[in-house]
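Residue numbers for the sequence shown follow our numbering, so the first one is 776 and each next one is one higher.
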Amino acid sequence: MKKTLLIFSFFLLTASSSFSQDNTAYKTALGKMMEASGAESIYKAAISQMMNLMKEQKSQVPAEVWESLQTEMLKISVTELTDMLVPVYQKHLTIQDVNALTSFYNTPVGKKFAEKSPLIMQESMQIGQQWGQKIGQQVADKLKEKGY
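Okay, here's the thing in structure tokens:
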């Protein structure tokens, strides 16, 4: 019984240590990919925007307090978000996939894609809204024709 328990304990320790190393490597790879893709900059800009909105609401707070808070939030929040995103990315992409994406984002076309992605996304969302409204209107018209 002791031998079985010892073997089981060793297996658990080895597995958890291996998972921790894999998770750390994945987190590091994901962080590099987020930086190369421009996602990290987008997250930081979102934090800055949020802080500016809060400044307007709490105008009595001195500027140096806001600067300190923003610096702290920028350090902590992006790391925390990356930690939260690791399981999502791990579910869908291997570490090799993430590394390949990082390599892509470090190429000239990858850098251009990362730079243009927010604009493409914004314009695509506008077009998607127009398209959705058009489809909705067509469905409403067809239902009206059918007497509904």
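Just so you know, even glycine gets a beta-carbon here, dropped at the ideal spot from N, CA and C.
The alpha helix (DSSP H) spanning Leu868 covers which residue range?
Position 93 of the sequence shown, counting from 1, holds the residue named residue 868. Here Leu868 belongs to no alpha helix (DSSP H), and DSSP marks it neither H nor E.
Can the beta-carbon of Gly813 be found closer than 8 Å to that of Ala889?
As a first step, residue 813 must be located in the sequence shown, where it is residue number 38. As a first step, residue 889 must be located in the sequence shown, where it is residue number 114. It is a contact, given that the beta carbons lie within the stated cut-off.
Alpha carbon to alpha carbon, how far is Gln897 from Thr877? Give it in angstroms, no decimals.
Reading the sequence shown from its first residue, position 102 is the one you call residue 877. Reading the sequence shown from its first residue, position 122 is the one you call residue 897. Each residue's alpha carbon lies about 23 Å from the other.
Cutoff 7 Å; reference Phe879; Cβ partners in own chain excluding five residues on either side
As a first step, residue 879 is located in the sequence shown; it is residue number 104 there, counting from the start. Excluding sequence neighbours, Phe879 sits near Gly885.
Whole-angstrom Cβ separation of Lys819 and Val863, contact assumed at under 8 Å?
Position 44 of the sequence shown holds residue 819. Position 88 of the sequence shown holds residue 863. Contact doesn't hold; Cβ gap of about 20 Å is too wide.
Tell me, please, whether the stretch 900-918 touches the stretch 823-839 by the rule of three or more beta-carbon pairs shorter than 8 Å.
no
By how many angstroms is the C-alpha of Ile851 removed from the C-alpha of Ser843?
In the sequence shown, the residue the question calls residue 843 occupies position 68. In the sequence shown, the residue the question calls residue 851 occupies position 76. Distance between the alpha carbons of Ser843 and Ile851 is about 12 Å.
Would a C-beta distance cut-off of 8 Å place Thr924 and Lys802 closer than the cut-off?
The structure shown has nothing for residue 924, since the chain only spans 776 to 923.
Assigned exposure category for Ala804 - 16 Cβ within 10 Å defines buried:
Taking the sequence shown and counting its residues from 1, the one referred to as residue 804 is at position 29. The residue is buried, with at least 16 neighbouring Cβ atoms inside 10 Å.
What is the DSSP secondary structure of Gln845, reduced to helix, strand or coil?
Along the sequence shown, one-based indexing puts residue 845 at 70. DSSP places Gln845 in helix when its eight states are reduced to three.
Starting from the Cα of Gln845, find the closest Cα among Met859, Leu860, Gln824 and Glu855 and give me that residue.
The residue given as residue 845 occupies position 70 in the sequence shown. For Gln845, the nearest C-alpha among the options comes from Gln824.
To the nearest whole angstrom, what separates the beta carbons of Val873 and Asn798, a pair I think is in contact under 8 Å?
Residue numbering aside, residue 873 sits at position 98 when the sequence shown is read from its first letter. Residue numbering aside, residue 798 sits at position 23 when the sequence shown is read from its first letter. Not quite, the Cβ-Cβ distance comes to about 13 Å (not below 8 Å), so this is no contact.
When burial is assigned at 16 or more other CB atoms within 10 Å of the CB, is Met808 buried or exposed?
The residue given as residue 808 occupies position 33 in the sequence shown. Counting Cβ neighbours within 10 Å, Met808 comes out buried, since at least 16 surround it.
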